[in-house]
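*Asks:* Sequential numbering of the sequence shown, starting at 5, is according to the numbering used here. Backbone N, C-alpha and C define an ideal beta-carbon position, used for all residues, glycine too. Values in this document were obtained by computation on a predicted structure and should not be read as measured data.
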Amino acid sequence: MADQNIDFDYAEQYQKAYLKAIASACHFMTKEGPGPDRGSIDFSICSNRVDYDINIGIDSEIQLQLKTTIVPKYNKDNTVLKYRLPSNNYRDLISKRKIPRYLVVMVLPAFKEQWIQEFHNGIFTAGCCYWVNLSKLPPLNNTEQSVTVDIPLS
Numbered sequence: 005m006a007d008q009n010i011d012f013d014y015a016e017q018y019q020k021a022y023l024k025a026i027a028s029a030c031h032f033m034t035k036e037g038p039g040p041d042r043g044s045i046d047f048s049i050c051s052n053r054v055d056y057d058i059n060i061g062i063d064s065e066i067q068l069q070l071k072t073t074i075v076p077k078y079n080k081d082n083t084v085l086k087y088r089l090p091s092n093n094y095r096d097l098i099s100k101r102k103i104p105r106y107l108v109v110m111v112l113p114a115f116k117e118q119w120i121q122e123f124h125n126g127i128f129t130a131g132c133c134y135w136v137n138l139s140k141l142p143p144l145n146n147t148e149q150s151v152t153v154d155i156p157l158s
């Protein structure tokens, strides 16, 4: 049974820390989205590297809508995470943009005590993020409040 006392504001902070750790290990920078969240941007990952051999800056960015779940739903053969997304987020994420936007869903253990473990030689962080670009998906009709999005696990 899932922990009913999970505060998803803290789950979002955990997800941001997880993504910051991965991004920094890959030599990328991160920034939090504008508050309050009006355009489905919670987080961005940026690169502002310079290739000194050819003296060209390589600037790039992706914007992320972050979601967490402790009760994931999968398809029959466990190859797709099925996530119910509010329609306003879906509409923002399917819009064509100059800067790509992704939906990132983090699956966390049901009990918050399992999220992170400290050992004498480091820490273990539980959870896994799955992402998808929704820009090629069709628009919703105006009556739908949410839509189930398929996120490939590989």
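DSSP beta-bridge partners for F128?
*Replies:* In the sequence shown, the residue the question calls residue 128 occupies position 124. Paired residue(s): Q121.
*Asks:* Give the C-beta separation of S48 and Q67 to the nearest angstrom, bearing in mind that I take them to be a contact with Cβ-Cβ under 8 Å.
*Replies:* In the sequence shown, counting from the first residue as 1, residue 48 sits at position 44. In the sequence shown, counting from the first residue as 1, residue 67 sits at position 63. With a Cβ gap of about 5 Å, S48 and Q67 count as contacting.
*Asks:* Taking L144 and S91 to be in contact with their CB atoms under 8 Å, please state how far apart those CB atoms are, rounded to whole angstroms.
*Replies:* On the sequence shown, residue 144 is found 140 positions in, with the first residue counted as 1. On the sequence shown, residue 91 is found 87 positions in, with the first residue counted as 1. Confirmed, Cβ separation roughly 6 Å.
*Asks:* Given a cut-off of 8 Å on the beta-carbon distance, is the pair K86 and K77 in contact?
*Replies:* The residue you call residue 86 lines up with position 82 of the sequence shown. The residue you call residue 77 lines up with position 73 of the sequence shown. Yes. Within cutoff.
*Asks:* Would DSSP call K20 helix, strand or coil?
*Replies:* On the sequence shown, residue 20 is found 16 positions in, with the first residue counted as 1. Helix at K20.
*Asks:* Just reading off the beta strand (DSSP E) that S150 is part of, what are its end residues?
*Replies:* Counted from its first residue, the sequence shown places residue 150 at position 146. 150-156 is the span of the beta strand (DSSP E), which, as asked, contains S150.
*Asks:* Return the chain-ordered list of same chain residues with a C-beta closer than 7 Å to the C-beta of V84, the five sequence neighbours on each side being excluded.
*Replies:* As a first step, residue 84 must be located in the sequence shown, where it is residue number 80. Only Y78, D154, I155, P156, L157 meet the Cβ criterion.
*Asks:* Buried or exposed for Q166, going by 16 or more other Cβ atoms inside 10 Å?
*Replies:* The chain is shown only over 5 to 158; residue 166 falls outside these bounds and no answer can be derived.
*Asks:* DSSP three-state label for L63, please.
*Replies:* Numbered from 1 along the sequence shown, position 59 holds the residue referred to as residue 63. Reading the sequence as shown, one finds Asp at residue 63 and not Leu. Strand, per DSSP.
*Asks:* How should Y56 be labelled, buried or exposed, when 16 other C-beta atoms within 10 angstroms of its C-beta is the threshold for buried?
*Replies:* The residue labelled residue 56 in the question sits at position 52 within the sequence shown. With fewer than 16 Cβ atoms within 10 Å of its Cβ, Y56 is classed as exposed.
*Asks:* In terms of residues, what are the limits of the beta strand (DSSP E) holding S48?
*Replies:* Locating residue 48 in the sequence shown gives position 44, counting from the first residue. From DSSP, the beta strand (DSSP E) with S48 extends over 47-55.
*Asks:* In chain order, what residues of the same chain have a beta carbon less than 6 Å from the beta carbon of Q19, not counting five sequence neighbours either side?
*Replies:* For this step, residue 19 is matched to residue 15 along the sequence shown. Taken in chain order, the residues that qualify are L70, T72, M110.
*Asks:* Thinking just about the alpha-carbon of each residue, which of N137, P113, A114 is nearest to the one in R105?
*Replies:* Translated into the one-based positions of the sequence shown, residue 105 becomes position 101. Of N137, P113, A114, the residue nearest in Cα terms is N137.
*Asks:* Give a yes or no on whether the C-beta atoms belonging to L89 and L107 are separated by under 8 Å.
*Replies:* Within the sequence shown, numbered from 1, the residue matching residue 89 stands at position 85. Within the sequence shown, numbered from 1, the residue matching residue 107 stands at position 103. Yes; because the gap between Cβ atoms is below 8 Å, this pair is in contact.
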